[in-house]
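Student: Sending over a structure as structure tokens; questions will come in a sec.
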Amino acid sequence: HPILFFPMFYQVKELIEGGSVAAGWRKYQKNVVEDCQTLWCIWVPAQMINMSFCPIWARIPFVAVVSSGYTCLISYMRGAQETLDVSMHIGSDEAMVAQSVAPT
């Protein structure tokens, strides 16, 4: 479910990369519309095909294959380490300090 999966995905990913839960939440907010559109583009047709054409014995394997493909797609789209513009999310004094200590 996108309301549970996407926030957890971004927060766990951010924690694994050494970031904070808040940074994961910001990435989720930044990407939620595109992620939900991708989810709907994959799963709405998949479920229509599944319930309309798949025999009962093939429904679970079909969903498993679609789920594997969807997981690969999300990993491809959002798997790379991503950075946010620091100055947008912290105060201006802190941003100047962060910029002054950043290697050039």
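Its first residue numbered 17, the sequence shown is counted upward by one per residue in the working numbering. Glycine is no exception: its CB is placed at the ideal position from the N, C-alpha and C atoms.
Taking the Cβ atom as the reference point for each residue, do residue 22 and residue 51 lie within a distance shorter than 7 Å?
Tutor: Yes, these two residues count as a Cβ contact at 7 Å.
Student: Just to confirm, are residue 40 and residue 33 a CB contact at a threshold of 7 Å?
Tutor: Contact: no.
Student: Would you decide whether residue 69 is buried or exposed? Buried here means 16 or more other CB atoms lie within 10 Å of its CB.
Tutor: With fewer than 16 Cβ atoms within 10 Å of its Cβ, residue 69 is classed as exposed.
Student: Do you know how far the Cα of residue 78 is from the Cα of residue 49?
Tutor: When rounded, the distance between both Cα atoms is 26 Å.
Student: Residues in its own chain within less than 7 Å of residue 97 by CB, not counting five upstream and five downstream?
Tutor: Answer for residue 97: 33, listed in chain order.
Student: Hey, how far is the Cα of residue 44 from the Cα of residue 92?
Tutor: Distance between the alpha carbons of residue 44 and residue 92: 16 Å.
Student: At which residues does the alpha helix (DSSP H) containing residue 30 begin and terminate?
Tutor: Here the alpha helix (DSSP H) through residue 30 covers 18-32.
Student: Do you know offhand how far residue 88's Cα is from residue 81's?
Tutor: Each residue's alpha carbon lies about 11 Å from the other.
Student: For residue 86 versus residue 58, is the C-beta spacing smaller than 7 Å?
Tutor: Yes, Cβ-Cβ distance for residue 86 and residue 58 is below 7 Å.
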